[in-house]
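All remarks here apply to the structure that follows.
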Amino acid sequence: MTKAIAKKALFGILQHRVMFQKTDLLSNLVIQHQQIRRKVLILILLFLGMAETLMRVIQ
């Protein structure tokens, strides 16, 4: 009886750890995605600014 309870408890702990690791991975991916999006936005803004100054220079 106690063996079964111990097994259940251990299994529960392991399952919880696996779930925690999965959510950790997901949150890391989300953070990386946000950082990449920010960099892309900055690049686009820089490009737009350069294009605007080029247009002014040409005119």
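Per numbering that gives the first Met the number 0: the sequence shown ends with 58, consecutive numbering throughout.
Cβ atoms here follow ideal geometry from the backbone N, Cα and C, with glycine treated the same way.
Task: Separation of residue 21 from residue 28, as counted between CA atoms - done: 11 angstroms
- [ ] In the DSSP assignment, find the alpha helix (DSSP H) that holds residue 14 and state where it starts and stops.
- [x] 1-57
TODO: Taking only the alpha-carbon atoms, compute the straight-line gap between residue 49 and residue 31 and give it to the nearest angstrom.
DONE: 27 angstroms
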